[in-house]
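Worksheet: the structure to be examined is printed underneath.
Protein chains: 2
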Amino acid sequence: MKKLLIGFVLLFSHLNLMAQESESYIQYVNPLIGTQKMGHTFPGATVPFGSVQLSPDTDQQPHNIGGKYNKDAYKYCAGYQYDDATIVGFSHTHFSGTGHSDLGDFLIMPTVGELQLEPGDKSNPQSGFRSSFSHRNEIAEPNYYRIKLDDDNITAEMTTTTRVGFHQYTFPESDNSHIILDLMHGIYNYDDKNVWTFVRVENNHTIVGFRQTHGWARTRTVYFAMEFSKPFTNYGFKNFKDEAYKGFWRKFDQTKNFPEMAGKQIRAYFDFKTEKDEKIKVKFALSPVSTEGALNNLRAETPGWDFEKVKKAGQNLWNKELGKIAVTAETKGDLVNFYTALYHTFLSPTVYMDADGKYKGIDQNVHQAKGFTNYTTFSLWDTYRALHPFFNIIQPKRNREMINSMLAHYNQSVHKMLPVWSHYANENWCMIGYHSVSVIADAVVKGNIEGIDAQKALDASVQTARTKYYDGLEFYMKLGYVPEDKNSSSVSKTLEYATTIGASRRWRRN
Amino acid sequence: MKKLLIGFVLLFSHLNLMAQESESYIQYVNPLIGTQKMGHTFPGATVPFGSVQLSPDTDQQPHNIGGKYNKDAYKYCAGYQYDDATIVGFSHTHFSGTGHSDLGDFLIMPTVGELQLEPGDKSNPQSGFRSSFSHRNEIAEPNYYRIKLDDDNITAEMTTTTRVGFHQYTFPESDNSHIILDLMHGIYNYDDKNVWTFVRVENNHTIVGFRQTHGWARTRTVYFAMEFSKPFTNYGFKNFKDEAYKGFWRKFDQTKNFPEMAGKQIRAYFDFKTEKDEKIKVKFALSPVSTEGALNNLRAETPGWDFEKVKKAGQNLWNKELGKIAVTAETKGDLVNFYTALYHTFLSPTVYMDADGKYKGIDQNVHQAKGFTNYTTFSLWDTYRALHPFFNIIQPKRNREMINSMLAHYNQSVHKMLPVWSHYANENWCMIGYHSVSVIADAVVKGNIEGIDAQKALDASVQTARTKYYDGLEFYMKLGYVPEDKNSSSVSKTLEYATTIGASRRWRRN
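Line order of the protein sequences matches chains W and R.
Quick note: the first sequence, position 504, residue 487 per my numbering, numbers continuous.
Quick note: the second sequence, position 70, residue 53 per my numbering, numbers continuous.
So this is what it looks like as structure tokens:
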């Protein structure tokens, strides 16, 4: 996330703060920027701060091979590498710009011909369900991604609402078309990452289920509901991990047309007969709470099947957000740099709450958000210096909701700490410091605290700063610095703890 | 469960149907009956139909060794074998009388001296936390179990409410007393059975968490809340399974006094300093829904620390239930046979719902029971002939609630089937037939259907009988019988499907 604001800084002096409603700002956004090498951005579809960030993944690099870190995994933090020539499918959750990773939940891939349930080799895409593609046939816009999958001559398009991924696949004529739902796929994946997956086929066009993982987020479950625009003719799944205990489910042939699937490593498929250029649409809703929550989200946000309408609504949201700053520049390239950076700025934190306000807390209990939208993906070491101070100006309501989300995290934390780096009802403890305090202090100093309990926020900040067992803090409290021989990155930690103290002093003065 | 009603049948002719309120019926119950060899009963503490069935486990036999069934596991369906000389601890969930098994959740064991986190060998109990014991020092009564643990000179006592296990441990003087919480232990256990466990130490006397397993119940999570009568001085845990990915939790020393634990194979411990004969009490609540639900159950059912009061309240419940039939007999032995059998009759189905009415359905969503108590543990092939017809006479309200629980199961079933053999928000598909239909038909014929939607019950029965992919049913529907060359146990299945049709004809006539 470090690079997101460079364009902004360069152009800040040219700002014209009067937004021009009629202008299309999305024309200046190129989501492919940053997708090469170590940019760690994704080109797929999302609305601002969307829960669903639906994007192509170009490989399935394992994070660990035989228990050892696989360095190639780092290239795939956002799932997509511009230099790759194949796509394995489209998954619903991605980080943008992070230096570590997770997610990549629920990969969908359309195919034609003999069913293949392995992704296959990237040097020989026909060996599996992955497909070759060309950037010539690729369109990436805010809330819209389109690619032609060359192997099977399928055009894939996708758009989103906050909680729903909306896929549109244009098939060739075939009696043997498939849509694969891969529950094994993931980013920073490894054999043991899935602790459990569960799928129910509710009827001939509706599926629900969940994926539970341990990884960067240690105890994490994501629920889904999936709806097809057309009934499938047959379906089934393969369990890639033999279980020691099979129980009495063995009395069924579960592999075909059996409506309940569960296991640690499973891939499901759904069969269709398609006419030439027939479009099959898929709505795929996420929930942090339950399959019931996901189904409600699906119905609340995407009641119909109008792909263009959903795309347009999301792009209008982007124009509204991007239009908060109207800049003039000498070249279109400068505008692209600026608005693409601004676009990246509004990808996270992400909404983490059902349409009815329920969300999972880091205590793993379900909570009801009262008076705020709950957010997750707090990469605070990266975002406290510039992103949240910027949000206090340009996204004041959202920043207040993010602070209330941090305070909810604090309430639910057994450590009684504000978030350090949190995502999906988990504290992942990545990086150092406790920069929630700086974020809150900046909001207080700027007076952007309507609806925030300032006394509670102060108490939470003080309590966070007193967690002795946290990363050298005991030494800092005792000595005023962190000694390097006791705790590594000691200079940075000392500086960060000092900054935080400074921030809270400024705050107390206000 | 087949043997439970033998005493009853023998004595039925001597029934004196006037209950004698003042009489203590529990004096005639010996919970140790059936605990030897293949009786598969447990001697521990429970209230009638209790969610918590808290009982000593005398071994930890794995169900599978190297992927192969271990025949010795069958002896331990209820966790306790009378002929064993050691106890590994006290776990909170047990089946009574089943011919297959699961459960054994949350084993608690008090020890003194050097901390041992392995159970050790039964031939050398001092090699681990297990302890030798003698039946001389054992008392088993309805809702009360007491044993002296010889290795460390600790007296263990336990009683329960519907949702809370209440332990009382009398320690010797020691600076080095421990209470172990084993989240690896289970009945019909194997290395991979735990898919995830999660524990939070909320303060110096309160713990919450959950255990998620796959086994006879394929997708099962049990939540708990645990409270000690005295603060522990230190605590910690050991993770017995090395994870491929450790993430940033590695920055902490999690093994000692770190308030959050998670993994697939963990055992936690809590340290105390004890005076001679000091009692440490533990309340341990279960929930099918959440740790919040478990904590609410704990507070709702066991607000204080009066062990005797909880024991007495549960024993009064037993006297009330057992007193529904007052028999006269020539010998005390006959009374013991009768009332112990009657006691076993009231151990399951079990209440499966929080104090506030929330429970998990087989769709894995949380539901609110409206107008009924939700039950689980429907061993219907065993219970449709005699137990439920008996309940229609002696437990009419509970039988109606059980039928409403079956109808809720049907509503939540993706197969649109009534329960076959269900436990803990799972259909385990054990045995054959679909005897919910007979249970419902018997209630209809006996007129015990107040509060049951009879039309819906009929629809559910018919729909269940039309699940073509279920166990030869397609053949029965087509041919009027199940052919042995197509589906095994065909004679029994044919008979059972025919019985069910007969039952529903009787029902339609009514």
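Virtual Cβ for every residue (Gly too), placed ideally from N, Cα, C.
- Taking C-beta atoms as the reference points, W:Thr202 and W:Gln10 fail to come closer than 8 Å.
- Proximity of chain R to W:Ser273 at the Cβ level (cut-off 8 Å) is accounted for by Gln347, Asn348 and Val349, in chain order.
- Closest option to W:Lys256, judged by alpha-carbon separation, among W:Cys60, W:Val12 and W:Pro93: W:Pro93.
- In the three-state reduction of the DSSP assignment, R:Gln347 falls in the coil class.
- R:Ser212 and R:Gly287 have their alpha carbons spaced roughly 10 Å apart.
- Taking all protein chains shown into account, R:Val474 has fewer than 16 neighbouring C-beta atoms within 10 Å of its C-beta and is therefore exposed.
- In summary, R:Val445 is exposed, with fewer than 16 beta-carbon neighbours lying within 10 Å of its beta-carbon over all protein chains present.
- Nearest to R:Ser115 by alpha-carbon distance, out of R:Ser79, R:Ala139 and R:Glu6, is R:Ala139.
- For R:Asp454, the residues of chain W that pass the 9 Å Cβ criterion are Lys234 and Phe235, in the order they occur in the chain.
- Within the DSSP bridge table, the entry for R:Met209 names R:Ile190 and R:Phe267 as partners.
- Here W:Phe89 is not bridged, per DSSP, to any residue.
- With respect to W:Arg233, W:Met167 sits apart: the two C-beta atoms are not nearer than 8 Å.
- Residue ranges of uninterrupted beta strand (DSSP E) with 3 or more members, entirely inside the segment 142 to 182 of chain R and ordered along the chain, are 147 to 154 and 157 to 165.
- Assigned with DSSP and collapsed to three states, R:Trp490 falls in helix.
- For W:Ser388, the secondary structure class from DSSP, reduced to helix, strand or coil, is helix.
- Here W:Gly148 has Val35, Leu37, His75 and Phe267 as same chain residues with Cβ atoms under 6 Å from its own Cβ, once five neighbours each way along the sequence are excluded.
- Contact annotation: in the segment 385 to 413 of chain R, residues whose CB is within less than 8 Å of a CB in chain W are Val397, His398, Trp404, Asn411, Trp412 and Cys413.
- The criterion of a C-beta distance shorter than 8 Å is not satisfied by R:Asn172 and R:Pro39.
- Close CB contacts of W:Glu479 within its chain, under the 7 Å cut and outside five residues either way in sequence, are with Ile415 and Gly416 (chain order).
- Within chain W, the C-beta atoms nearer than 8 Å to that of R:Arg201 come from Gly230, Trp232 and Ala245, in chain order.
- One alpha carbon belongs to R:Ala448, the other to R:Pro402, and they sit about 12 Å apart.
- Assignment of W:Tyr127 by DSSP, reduced to helix, strand and coil, places it in the strand class.
- The C-alpha of W:Ala324 is placed about 42 Å away from the C-alpha of R:Glu185.
- Collapsing the DSSP output to three states places W:Asp339 in coil.
- Here W:Asn120 really is in contact with W:Lys131; their C-beta atoms are around 4 Å apart, less than 8 Å.
- When Cβ-Cβ separations below 8 Å define contact, W:Tyr173 makes contact with chain R.
- Proximity to R:Trp179 across W:Asp165, W:Gly192, W:His197 and W:Tyr52 peaks at W:His197, based on C-alpha coordinates.
- Considering only beta carbons, the part of the segment 43 to 55 of chain W lying closer than 7 Å to chain R consists of His46, Asn47 and Gly50, in chain order.
- By the neighbour-count criterion, in which a residue is buried when 16 or more other Cβ atoms sit within 10 angstroms of its Cβ, W:Pro125 is buried.
- One finds nothing in chain W with a Cβ atom closer than 8 Å to the Cβ of R:Val465; even the nearest lies about 13 Å away.
- Listed by position along chain R, the residues whose Cβ is nearer than 8 Å to that of W:Arg183 are Asp346 and Val397.
- At a cut-off of 8 Å between C-beta atoms, W:His197 counts as an interface residue with respect to chain R.
- One Cα belongs to W:Ala296, the other to W:Val30, and the distance between them is close to 9 Å.
- Below the 9 Å Cβ cutoff, chain W contributes Val178, Trp179, Gln195, His197 and Thr202 as neighbours of R:Trp179, in chain order.
- Contact of W:Pro242 with chain R by beta-carbon distance below 7 Å involves Val397 and His398.
- Listed in chain order, the non-local C-beta contacts of R:Asp134 below 7 Å within the same chain comprise Pro108, Gln109, Ser114 and Ser115, local neighbours out to five positions each way being set aside.
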